[in-house]
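Engineer: Heads up: the sequence lines are chains A and B, in that order.
Using full-length UniProt numbering, the letters of the first sequence correspond one by one to residues 1 to 210.
Using full-length UniProt numbering, the letters of the second sequence correspond one by one to residues 1 to 210.
Glycine residues also receive a C-beta, built at the ideal position from the N, C-alpha and C atoms.
There are 2 protein chains.
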Amino acid sequence: MGGRREEILDAALAIADEHGLDAVSMRAVAERVGVTPMALYRHVSDKAALLDGIVGRLLAALLPSDGDRGRAWDERLNALAHACRAITQRHPWAAHLLFSRPAVTPDAVRAVDVIYCALIEAGIPEREVPRLERLVSTFVLGFAASEAAGRFNPGTGDPRSRRGRLPDGDLPGHSRLAPWLNLPVDLDAEFKADLDDVLALIKAAARKQG
Amino acid sequence: MGGRREEILDAALAIADEHGLDAVSMRAVAERVGVTPMALYRHVSDKAALLDGIVGRLLAALLPSDGDRGRAWDERLNALAHACRAITQRHPWAAHLLFSRPAVTPDAVRAVDVIYCALIEAGIPEREVPRLERLVSTFVLGFAASEAAGRFNPGTGDPRSRRGRLPDGDLPGHSRLAPWLNLPVDLDAEFKADLDDVLALIKAAARKQG
DNA sequence: GCGTATACGTCTACACTGTAGACCCATGGG
DNA sequence: CCCATGGGTCTACAGTGTAGACGTATACGC
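1. Could you pull out every unbroken beta strand (DSSP E) segment of at least 3 residues lying fully inside the segment 76 to 109 of chain A, listed in chain order?
2. Just curious, the alpha helix (DSSP H) that residue 142(A) is in, first and last residue?
3. Give me the chain A residues within the contact set of residue 21(B), using Cβ-Cβ distance strictly less than 9 Å, ordered along the chain.
4. Using three-state DSSP, classify residue 8(B) as helix, strand or coil.
5. Output needed for residue 158(A): all residues of its chain with C-beta closer than 6 Å, excluding positions within five of it in sequence on either side, in chain order.
6. Whole angstroms is fine: what's the gap from residue 101(B)'s alpha carbon to residue 52(B)'s?
7. Between residue 69(A) and the ligand SAH, is there a pair consisting of the residue's CB and a ligand heavy atom that are separated by less than 7 Å?
8. Could you run through the segment 179 to 201 of chain A and flag, in chain order, every residue whose CB is less than 7 Å away from some CB of chain B?
9. Could you confirm whether any beta carbon from chain A is found closer than 8 Å to the beta carbon of residue 75(B)?
10. Got a sec, what are the start and stop residues for the alpha helix (DSSP H) residue 234(B) sits in?
11. Report the option in 112(B), 26(B), 198(B) and 147(B) whose CA atom is closest to the CA atom of residue 175(A).
12. Using only the alpha-carbon positions, how far apart do residue 9(B) and residue 50(B) sit?
13. Kindly indicate which three-state DSSP category residue 169(A) falls into: helix, strand or coil?
14. Once DSSP output is grouped into helix, strand and coil, what is the label at residue 28(B)?
15. Can you list, in chain order, the residues of the segment 121 to 153 of chain B whose Cβ is nearer than 7 Å to any Cβ on chain A?
16. Quick check on residue 43(B): does DSSP put it in helix, strand or coil?
17. Note down the Cα distance separating residue 76(A) from residue 126(A), rounded to an integer number of angstroms.
18. Contact between the segment 84 to 92 of chain B and the segment 136 to 155 of chain B: three or more CB pairs below 8 Å?
19. Of all the residues that make up the segment 80 to 97 of chain A, which are near chain B by a beta-carbon distance shorter than 8 Å?
20. Taking residue 200(A) as the reference, give the member of 74(A), 45(A), 37(A) and 19(A) with the closest Cα.
21. Rounding to the nearest angstrom, what Cα-Cα distance links residue 208(B) and residue 58(B) in this structure?
22. Measure how close the beta-carbons of residue 139(B) and residue 139(A) come, nearest whole angstrom, since I'm counting them as under 8 Å.
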C-alpha cells in the first residue's frame, strides 16, 4: 500500500498552493496527513526527495497531451509550452523548482523527447536538435519563472520593487519609450508572440541546413 | 561611516563563493565580520535585504562595459549577455537569485536601458521593444541559471540525476539522436550559437515592421 | 564643563527548521 | 510460537532568523 506516499505528496502540494513553498515544512505536512513528522521519513527519504516528488507530480501533468499526436510539430510545441506555463500559473511557487531540480524523472525525459521529435520533424539537422531543445526549454522555463517571480511586473508584489526613480537623464532608452512603459502588459499575448518568434527561429534554423 | 555595510556584503559574498549560498547564515556572516549576529541588523534590515544587497553587487559588475559605447548594437548586446553569464559562472549560487529577486536597483534599470537602446538602434518598432527586452533577458538569465543549476549536464553533479534508463521504445527522439546525445556539450559554443540565433530573431523582428 | 541623544554592539530568548536514534506495536510467515 | 518487518511515536540536537532589553562610547547643544 504505497498510497501513503501519494497522500504525503498531496498534502505538500496543497500546503504549497495555499500558503507558499516556505510553508511546506515536514511538521506542517505531517500534521496535514494526521501523523507525526518523523513518520514521513518512512515514505520519503528526505525533504529534498519530497520536493522532487512534487515536481514529479507537476511534470506528470505536463505530458497528457495525448490527443495532440496527430498535430503538426509547431502546434505540438505550442501545446507543450502552454501546458508548462499553465502549471506555473497554477503553482507559482513551483517555477524555480522546475529550474533548479535536474528533474530527470521519466516524465521529464518524455517531455524532452516530445521536443526532440518536434524539432526533427521541423527539419532541424540532428546535430543541432539537442541545442535547440535546450534553447526552447530554457526560454519557456525562464518565462514561466520570471512571470511567477514577478520579474515582469515591477512595482507589483514586493513593495521594494518600486523603481528608484533615478534621473531619466541616465536612461535614454527609458525616456524614449516612456509612452509604452508603465502601461499594463498582457502576458498571455506576450507569451504567444514570443513563442511565434521562437518558432520562426526554429524554422530559420531548419532552412539554414536542412 | 557606512563602510560596515560593505564589509558585511563582502563577507556574505565570500562565504557564498566558498561554501555555497546555504552557508550564508547571519551567524556565519557575523563571525566572519568579527561581530555578534545581531549587530548585522544595524546595517541590514533583513536577511532578504542582505541577499538583495549582494545581487546589487553583482549587478554593478554587469555594467562597466563603458568602453563599448561606440560599438554596434549587436556587439553591445553580446557583451552584456556574456558579462551576465560570466557572473553566474563565477558565482553559480547567484543565478537563481538574479531570477527571483525583482532586483530593481538602479544598476538593474541601467542594464535594462542598455538593452532598450540596443533594440531601438536595431530598428525595432518602439512598441515592441519592451517585449523583446524581456525575451532576451529571459533567455540569457535562463541559460545562466540552467547552466549554474546543472540542468544542462544531467548526470553530473547530483547523483539522483542519472537518467532512469527507461525503455527506449517510448522515446523515439532519444533513440534517433543517440549518436549526438551523451557526447559532451561545449556550453561556451552553445551560448554563442544561441545568441546568434536570438540576434537573428531580433533582426527579423526589425525587418517585419521597421 | 555637563547632560543627553544617537549609533553601534552584545546578550538572551523564542519559535522554528530538518532529522538522527531509540522505542513500540501490529501484522504475517516459518 | 517466535520473530521479522513495516509503520508510527517520542525525544533530542544542532541550526535558523530575529524581537527586545541592555550597555557603552562618541558627538552635540547648552
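Structural biologist: Reading off the structure:
1. none
2. 129 to 149
3. Going along chain A, no residue has its Cβ under 9 Å from residue 21(B), so there is no contact; the nearest lies around 11 Å.
4. helix
5. In this prediction, residue 158(A) scores a pLDDT of 49, lower than 50, which makes its location untrustworthy; the coordinate-derived value is nonetheless stated afterwards. Excluding sequence neighbours, residue 158(A) sits near nothing in its chain.
6. 7 Å
7. Absence of the ligand SAH is noted for the structure shown, with no ligands found whatsoever.
8. 180, 181, 190, 193, 194, 197, 200 and 201
9. no
10. Residue coverage of chain B in this structure runs from 1 to 210, which leaves residue 234(B) outside it and unanswerable.
11. 112(B)
12. 7 Å
13. helix
14. helix
15. 126, 127, 129, 130, 131, 134, 135, 138, 139, 141, 142, 143, 145, 146, 149, 150, 151 and 152
16. coil
17. 19 Å
18. yes
19. 96
20. 74(A)
21. 36 Å
22. 5 Å
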